Structures are given as structure tokens and as C-alpha cells.
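What follows is a single structure, written as C-alpha cells, with notes after it.
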Amino acid sequence: MTEPIFEVRNIHYSYPDGSEGLSGVGFSIAGNESVAILGANASGKSTLLNLLDGLCFPNRGEIIAFGKVLTEESVETPPFSRQFRQQVGFLFQNSEAQLFNSTVEEELAFGPLQLRLPAGEVERRVNDALRLLEIENLRDRPPQKLSGGEKKKVALASILACAPRVILLDEPSAGLDPRTQQWLIEFMAELRHAGTTLITASHDLSFVAETSERALILSEDHRLVYNGPAGEALSNLDLLLSANLVHAHTHIHDGKPHLHPHLHEIWHEHHPHNK
Amino acid sequence: MKTPVLPEWFSQPVDNPPGPKPREGRRFGLPIRKTLAELAEALAREMSSPSQTNSWLGKIEPRAKIVGILMLIFGATLVHGLGAQMVLLGITLAAALSIGLSPRQLGRLWLGVPLFSLAIILPSTLNLVTDGRTALTLWHLGAGIHIGSWNLPEAITITASGLLSAGRFLLRTTNCITLAFLMVSSTDAPVLVNAFRRLGMPKAFGMILTMTQRFLVVLLRAAEEIHLAKLSRSIGGSSLRSEQKWVGAGIAILFRRSYRLGLEVNYAMVSRGYDGDLRVASVPGLQIRDGLWVAAAGGLIALLIVWERFG
Ligand SMILES: Nc1ncnc2c1ncn2[C@@H]1O[C@H](COP(=O)(O)OP(=O)(O)OP(=O)(O)O)[C@@H](O)[C@H]1O
Ligand SMILES: [Mg+2]
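Quick mapping for you: the protein sequence lines, in order, are chains R and G. Residue numbers for the first sequence, in our numbering: 1 to 275. Residue numbers for the second sequence, in our numbering: 1001 to 1311.
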């Protein structure tokens, strides 16, 4: 294990309107790990990612990123501010809000420009990112008019153009067709291979099984109830049930949760999975 | 968790729904949906379109362009005579056409904004507000009528001097608005904000401008979606009144949603390194033509003022 990238110490967070986001969460994440944050709707996954990205700050406890405490001041003071923004990329749950430029090309150039890269380098990165995600044909299109899957790709490209070491992904598989999902799984493996740390918030268990080796599970009362190997979590039905991540009709085959259709009259047979 | 039991109305046949029969032969929800879509479109795209940004005005360095346009706007507020204003309007119009703005776009601009200012200025043409030679008598009241201690004149008339000052005001606003539109339509929004910043506009101001522009596009999109969601749920045609009622409710939802959306857009920008200073792809430095443009703008204003004073 290398020096931890994120060190989260017993953080509490509640929104200005009083609704609770997280309560008493602590863990650490090392370089080149792939960690899943699992939890039911409203358990605080997105909130946790916002905190990790230094977009809001815990009411109590602290987050240490790259050896420095994240505070409003530290993330706004150069040179740390720029390093931090360059090294951490965030794929938002809502691509609609993430894409705010008038063309895909501008969208991709936005990050590198804010990081003050020279014009030639910006152009090179835009072109490379477009090629990498195979979206060169979308270059001049307004991002608002793309399909959901295309938007995800553009959003991902816009982050990759900043060359981050850590990528926070919020429900990356939501709304993608099976083929694109498979593509994303492979793409994430590729990123891992290149040394990128991936932190994925999701409730898509099969997606997590394919992409992450460690899991953090948030309960519905916003606490951390599990921190350990993903495989172990995914085969622990009681744990998944208590976090409301699965339905009572779930069974586990080959260490993978599997939901039975709840139609008792239909006979249901299990074929041995060939993996 | 128990499996939800669907209520019986859920599986009722479509050809026999409860409630009043919908009126037939009406296309539903079109006007508002169209307006929203058009507005979003206009803001996202028409604000500056490639044909304008590639025109001669679009090629002028943004800071020089701002200085020139501001000089012309300032000039428009200095020049008094109708004649000089007309000359300025003529030149502005020619410039607008030469950078490829269509008469339709200009028509929309002139109908919308100056009409609005006309409504404000109209009362001042009356002799109640502006004294002077009568141009047109509207209403004969008779002598000795008063409201409280205020004696009304014998007749309410439109005065010549009132008309003149209204005309001057109208021309002036039209000139200023058209000039501002020339600037906005020929410059990409981020480039414009960046240029204002480099001319010394405070950072907070630039941030608000940037956020507003980005956020509006996303917000209008959300508005359109809410409307679409409503459309997909309505079966029959909807009357204008129910549509208006819906708009009221929709705005309330939109306001609630807009807070989170605004926050998200801001987060997405900050996450990618936006720190209040919007950096844009570098624009070529100042060139001779930029100097010529500023000199021309200044020269034109000087000429108009001199012509007015001594001509
Ligand atoms: N901007 C906000 N203002 C107020 N409360 C909020 C805000 N964002 C989230 N919350 C609340 O904080 C709690 C955690 O929300 P969060 O978005 O982190 O959940 P999540 O695990 O990401 O859920 P999902 O799977 O639905 O995305 C919820 O109860 C939510 O209502
Ligand atoms: Mg979420």
C-alpha cells in the first residue's frame, strides 16, 4: 500500500436545510485502489463524493487529501488548489448539470484551460480525449442535445482531459445500455491499469462486482457499516439486506447476488454460471 | 419489503377512462412548450452564432470591441438631436446587417425591448407631464376640474415637446440596445466575460455573469423537461387556462429545483478548476485593425457631436 490518497476521519455532514447527509464516517483510500461506495438511495453516497472533492466541507471531523486537510481555504489557495483540482476528477450523477458549455469541444477544453495549460496542450488533450472515447463525431454538437450515454462519455472525456490521478464516479452505470456498460467496465479496468484510483458510488451490485475490489457500505441512517473486500460484502446477504441494497427475494450464486423475479407461478431454473 | 399491489384503476382500459371526455382535435401544450424551447435555443445558441463570431466584428479583439461599443453607447447618450441619433441608428443597422444578423432577429429585438420602453415613456408626451405646444388633443375635460389641490388643464393633449423627448428617448434606447446586441451576438459568452475581466471588471461580477449564463441554459432545459413530463401525463387537450395554471406550479417546482441545479452546475465548474477567473482559449493579441475600430468608433461619436454643436 502506498501513502493514502484520502484519509477520512469521523466526518459528519448535514445540509444547510438540516437534512442529514453523513454521520460519523471514517476510512482511508490508498493510491491505485478501486473502491465502491455502496448504499441505498439517500444514504449519502453523493454527499460523500462532494466532500471528497472539496466542494463542501464536513461539519465535524476532517478529510485529508494528498497529505493536506481539505478546508475552504486550502482548496482555494494555490498551488494546492490547482494540484487538487487537476488530480481529482468527478463524474457527476447528473450529466445534465455537468455539461454547461455550448459545444462538446469547449466542454473538453474547459478543465485544461482553467488549469492554465498552454493553448497547444489544451488542443492536444481535447483531441486525444475525443479519440479515446470515440466521440470525435460529436465535437461540434451542443452537449445538451446528446443522448444519455453520449453525455456520460462527454462528461468522462472532459474529466480525463485534466489527467486526474483519482476519479470519483457517481452512479456511472445508470442509464447505460448493456453494451455501453460493458464498455465502461473495460474502460475503468484500463484506467486502473494506468494507475488511476477509482472511487465509485453505486447501488448497481453487479457493476460493482466487476469494477471494485473494496467496498464501503453506507446504511440508510448515513453511517459506514462495512469497509472491506467487495467480494465478501457482495456475498453477505444479511449485510446487503440491512443496508437495503437488495430485496428479500435475492439469492446468491457464485458469490454474486441475484434477484429472482417475484412471480411465484413461473418456474425458475438456475444454470451453472460459466465464468 | 412487500410487493406493491397496483390499484385497480391502473389496469383499466384506456378507451374508458374515468372523468370528463377530452375535447378532440386539439394539439396540446404547444404554445408554452414552443416558447420554452425557443427561449432555451436562443440563449444557448443564438446569443452568438458562428456566422456572427466569424464576421468582421467577431474578429476584432474582444477588449477593443468592448471599448469601441461602449464609446458608441456613451456617444448615443451624449448626442441630443434626432438627426444625429438617426444617423447613428442607420450606421448601427448597417453594421448589424453586415455581420449577418437577419432582419427577423433585429425585428424581434426592436419590437420587444423598445416597445417596452415606449410604454414607460408614453405618459410623458401628455401635457400633464410635459408642458408645451399642443400636437394632438386627446380628451376635452372643460375648465375648473381638479383632483384634490391639483388643477387639471382644460384638455389632455399630447405636446410637441413631449413627443420630441419621447422620440429622442426611444431612438436612444434602440441605439444602445442594438449596439449591445451587436457586441453580444458577435462574441462567445465566455470570451466576453473574460475580456470584461481583463478590462478591470471585479471578479465577483464576472463570476455572477458566468454562472448566470451557464445556469440559464441548464435551467431552461429543466423547465422544458418538467413541461414534457407533464405533457406525457396529460391525455386530452389542455385549455390555455389549465396550461397557465400549470405554469404557475411549474415555476414553483423550478425554483426549488433551480437551487440544487445551480449548486450542481457550480460544483461541476469548481471541480474542473474554475476559481472565479474564467480562462478561455487565447485570443490573438491586439492588431492594427483593432486600433482602427476603436478610432472609427471614437471618430464617429466626435463627428456627431461636432455636427450637432456647430453644424
Ligand atoms: N442539496 C441538498 N440540500 C439538502 N439536502 C440534500 C441535498 N442533497 C442531498 N440531500 C439529502 O441528503 C441525503 C443524502 O443524499 P445523497 O444525494 O448523498 O444520497 P445518495 O446516496 O447519493 O442517493 P442516490 O442513490 O439517490 O443518488 C438525502 O436525504 C438527501 O435528501
Ligand atoms: Mg447520489
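Where a beta carbon is used, it is the ideal one built from N, C-alpha and C, also for glycine. Everything numeric in this text was worked out from a predicted model, so none of it was measured.
- DSSP, read as helix, strand or coil, puts glutamate 1154 of chain G in coil.
- Between valine 1294 of chain G and proline 1190 of chain G, the C-beta spacing is not below 9 Å.
- DSSP places isoleucine 1145 of chain G outside both helix and strand once states are collapsed to three, so it counts as coil.
- Contact annotation: glycine 175 of chain R and glycine 195 of chain R have beta-carbon atoms that are not nearer than 9 Å.
- In the three-state reduction of the DSSP assignment, serine 23 of chain R falls in the strand class, which pools E and B.
- In the DSSP assignment, the residues bridged to leucine 218 of chain R are R/Gly39, R/Leu224.
- One alpha carbon belongs to leucine 1101 of chain G, the other to proline 164 of chain R, and they sit about 42 Å apart.
- In the three-state scheme derived from DSSP, where H, G and I count as helix and E and B as strand, glutamate 134 of chain R is classed as coil.
- In the DSSP assignment, serine 34 of chain R forms a beta bridge with R/Leu198.
- Annotation: Cβ neighbours of methionine 1269 of chain G in chain R (cutoff 9 Å, chain order): Phe100, Phe110, Gln114.
- Counting along the chain, phenylalanine 110 of chain R sits inside the alpha helix (DSSP H) bounded by residues 104-114.
- Ranking R/Ala40, R/Ser46, R/Pro143, R/Ser242 by CA distance to the CA of tyrosine 15 of chain R puts R/Ser46 first.
- Residue state for proline 4 of chain R is assigned as strand, using DSSP reduced to three classes.
- The distance from the Cβ of leucine 169 of chain R to that of leucine 52 of chain R is about 11 Å, inconsistent with a contact at the 8 Å cut-off.
- Spanning the alpha carbons of alanine 1119 of chain G and serine 74 of chain R requires a straight line of approximately 52 Å.
- Here DSSP, grouped into helix, strand and coil, assigns proline 78 of chain R to coil.
- Closer than 9 Å to the CB of leucine 1209 of chain G there is not a single CB belonging to chain R.
- Interface annotation for the segment 29-55 of chain R against chain G: Asn50, Asp53, Leu55, criterion Cβ-Cβ distance under 8 Å.
- Taking a Cβ-Cβ threshold of 9 Å, none of the residues of chain R is close to leucine 1070 of chain G; the smallest such distance is about 25 Å.
- Per DSSP, the unbroken beta strand (DSSP E) holding leucine 169 of chain R starts and ends at 166-170.
- Against asparagine 127 of chain R, chain G offers no close residue; the least beta-carbon distance is about 14 Å (beta-carbon pairs closer than 7 Å).
- Residue burial annotation: alanine 109 of chain R is buried, with at least 16 other C-beta atoms found within 10 angstroms of its C-beta.
- Residue-level contact check: glutamine 181 of chain R does not touch chain G, since none of the beta carbons of chain G fall below 9 Å from its beta carbon.
- For glutamate 7 of chain R, the closest alpha carbon among the candidates R/Ala233, R/His193, R/Phe80, R/Glu62 is that of R/Glu62.
- Residue environment analysis places tyrosine 1259 of chain G among the exposed positions, since fewer than 16 neighbouring C-beta atoms fall within 10 angstroms of its C-beta.
- R/Gln98 is the residue among R/Pro229, R/Pro78, R/Thr71, R/Gln98 whose C-alpha sits nearest the C-alpha of tyrosine 1267 of chain G.
- Within chain R, no C-beta atom comes nearer than 9 Å to that of leucine 1192 of chain G; the closest sits roughly 13 Å away.
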